[in-house]
Amino acid sequence: MAIYVMSDIHGHVRALEEVLDLASPGDDDEVYVLGDMVDRGPAPVDVIRRVRSLPNVHVLMGNHEMMLLDVLLDTGEMDGFTWALNGGFATATGLDVLDRDEYAELIDWMRGLPLFAVAETESRRYILTHAGIDAMEARGYLATAGVDTSEGRGAADATEEQLLDMMSRQLPETLLWTREEFWGQPTGFVGKDGTGPVVVVGHTPSIVLSRYADRMANEGVNEDGRGIVVPVGACDATGGVADRIDIDCSAAAGAPRGRVGLVRLDDGAVWYGTIKDGE
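Going by full-length UniProt numbering, the sequence shown opens with residue 1, and the numbers climb by one from there.
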């Protein structure tokens, strides 16, 4: 069984189909989708349907799903104008043509999406969320739980239960929206020996990641200027291992720069679905 992770598809269902065909995750594999299935692209409802059809899929909440729910459930946290400015029109149009039962079931499903997960390969644990974490707060919790991350120890000794409890204490706003605060400093989870959990997120398009992060493994784009997966933070203090990975390959930008990326955590293999003109 392998573990695949992707994020920020933003309504680009054809690119999603392309990357799934290329990677061909099996029925026994797990696929994590870290939110932002909707908005901006032409077919957000079709993206949701395709994602939900995957065997062993785990879907997390993104800030765009939260904006959608805030508007449609009238929570007062987000207004329709702001949602529209963030690409919500395509999603609203797709939802409007659903029959009442499918609409209600979809909204109810989306309301139940979790904000984080922990996945484990044979060699490492991965903390998955949409945007990032408050690393200082997280290390503080681990210290109270008996996991000392100071002096380059990292958090390899943290159990899955401790990591999940740590994430449950993070502010939802941080998990859904953070950028500079997360990318601007190491997590402290990966120790000098290179062991410890790595945080995998979307939300920040790789084509603009250099505004927030240093120690990027690449420039955030390929030779054609298209978005790519970016490991961040590898240095002597982490044993040369990136402690953060950005998997938002800039689908929100559309053509010609945007792509949908899919990463297999077990071996780091990456596939891309390219967004074409008119999509």
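For each residue, glycine too, the CB sits at the ideal point set by N, CA and C.
Exposure label - residue i; buried when at least 16 CB within 10 Å
| i | result |
| --- | --- |
| I52 | For the sequence presented, residue 52 should be read as Arg rather than Ile. The residue in question, R52, is exposed, as its Cβ has fewer than 16 Cβ neighbours within 10 Å. |
| V147 | buried |
| V71 | buried |
| L73 | exposed |
| R40 | buried |
| E131 | A quick correction: the sequence has Ala, not Glu, at residue 131. By the neighbour-count rule (16 or more Cβ atoms within 10 Å), A131 is buried. |
| P197 | buried |
Coarse secondary structure for residue i, derived from DSSP in three states
| i | result |
| --- | --- |
| G88 | helix |
| T66 | Thr is not the amino acid found at residue 66; the sequence shown has Met there. Helix. |
| M37 | coil |
| G261 | strand |
| Y212 | coil |
| residue 350 | Because the chain here runs from 1 to 279, residue 350 falls outside it and cannot be looked at. |
| I207 | helix |
| D21 | helix |
| I107 | helix |
| V13 | helix |
| G273 | strand |
| D99 | coil |
| Q170 | coil |
| V71 | helix |
| R124 | coil |
| E160 | helix |
| A253 | helix |
Nearest neighbour of residue i, chosen from the options [CA to CA]
| i | options | result |
| --- | --- | --- |
| A242 | P231, D266, D193 | P231 |
| V190 | A119, G112, Y32, G240 | G240 |
| V33 | G233, T129, T174 | T129 |
| F116 | L73, Q170, L262, M110 | Q170 |
| E137 | V118, D165, P25, E122 | D165 |
| M110 | V263, V45, E122 | V45 |
| D224 | T274, V97, L16, L95 | T274 |
| V260 | G196, M216, A2, R14 | R14 |
| E122 | T195, G278, A43, L16 | T195 |
| G35 | L142, G87, M78, L176 | L176 |
| A220 | P186, V38, G258, L20 | Correcting the residue identity first, residue 220 is Gly in this sequence and not Ala. Minimum Cα distance to G220 is reached at G258. |
| G184 | A143, Q162, R244, E160 | R244 |
| E18 | R50, E105, A2 | R50 |
| F182 | V199, S168, K192 | V199 |
| G227 | A213, D246, T144, E180 | D246 |
Residues that residue i bridges to, as DSSP identifies them
| i | result |
| --- | --- |
| I3 | E30 |
| F116 | T129 |
| I245 | V200, P231 |
| residue 287 | Beyond the ends of the chain as shown, which are 1 and 279, falls residue 287; an answer cannot be given. |
| V57 | V31 |
If you pair each beta-carbon of the stretch 60-70 with each one of the stretch 143-158, do three or more pairs fall below 8 Å?
no
Three or more C-beta pairs under 8 Å: does that hold for the stretch 242-255 against the stretch 206-215?
yes
The stretch 26-34 touching the stretch 268-279, judged by at least three CB pairs closer than 8 Å:
no
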